[in-house]
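If you're matching positions, the sequence shown starts at 3 in the working numbering and goes up one per residue.
Just so you know, even glycine gets a beta-carbon here, dropped at the ideal spot from N, CA and C.
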Amino acid sequence: MKMTPELKKARENMDPGIITAEGFLGSDSRSLSTIIDEDAQLLRSFELEPVEIAETFRHFMEEGRKGLGEPVTVDSDWLVKTDEARGHLACPWEDGIFRKINVTVERKDNGEKIFFTDLSIHLLEAHGFIEGRGSSFRLEPESIKKLLQRG
């Protein structure tokens, strides 16, 4: 993927202090296009598709919100807890504003945990972006695989 003007603007918006205090890239020095391409290849190697992951994470978030801040069991395999804060966060691609909903999902049988936000779901679904290495909100492909494994 080439660094288009749209990607360059999104990359600028990911710097610390622009949208969030920490930013979106952590310690990752790769170009935004490389981050997206390499993470997509890794997800594909695990037979995971960003849109399908986003749909599953959205389901976890919606079910977790029913617990009103308390952990709830979702689809018998996962324990989900959501926390909501006032305010919103903008997407670095400038294509939406998202509620500050934090979601923690734990797979009951193996203890694998993932933490994500409403914005994380959008970034994954619309842009194939799981944040840079070292970012507090990065969705590590290996963790996604362990969390969602079937059978």
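For residue i and residue j, which I take to be in contact (beta-carbon distance under 8 Å), what is that distance rounded to the nearest angstrom?
i      : j      : result
Pro143 : Leu44  : 5 Å
Phe117 : Leu125 : That pair is no contact at about 14 Å.
Ala87  : Lys102 : 4 Å
Asn104 : Thr75  : About 19 Å; that fails the 8 Å criterion.
Gly136 : Asp30  : 6 Å
In this structure, how does DSSP classify residue i when only helix, strand and coil are distinguished?
i      : result
Thr84  : strand
Gly66  : helix
Gly153 : Unreliable positioning characterises Gly153 in this predicted model, as indicated by a pLDDT of 49, which lies under 50. A coordinate reading is not provided.
Glu108 : strand
Thr75  : strand
Phe48  : coil
Ile38  : helix
Ala12  : helix
Val147 : The sequence shown places Lys at residue 147, not Val. Helix at Lys147.
Arg140 : coil
With 16 other CB atoms within 10 Å as the buried threshold, where does residue i fall?
i      : result
Leu70  : exposed
Glu133 : buried
Ile123 : buried
Pro94  : buried
Asp97  : exposed
Asp17  : exposed
Gly153 : Its pLDDT being 49, under 50, Gly153 is placed unreliably in this model, and the value from its coordinates should be taken loosely. It counts as exposed.
Met63  : buried
Ile146 : buried
Gly89  : exposed
Would you list the one or two residues that DSSP bridges to residue i?
i     : result
Leu91 : Phe100
With a threshold of 7 Å (Cβ to nearest heavy atom), would residue i be considered close to the ligand ATP?
i      : result
Lys148 : With respect to the ligand ATP, the structure shown offers nothing to examine, as it has no ligands at all.
Q.
At 4 residues or longer, what runs of the alpha helix (DSSP H) sit wholly inside the segment 111-136?
A. DSSP runs (the alpha helix (DSSP H)) wholly in the segment 111-136: 120-129.
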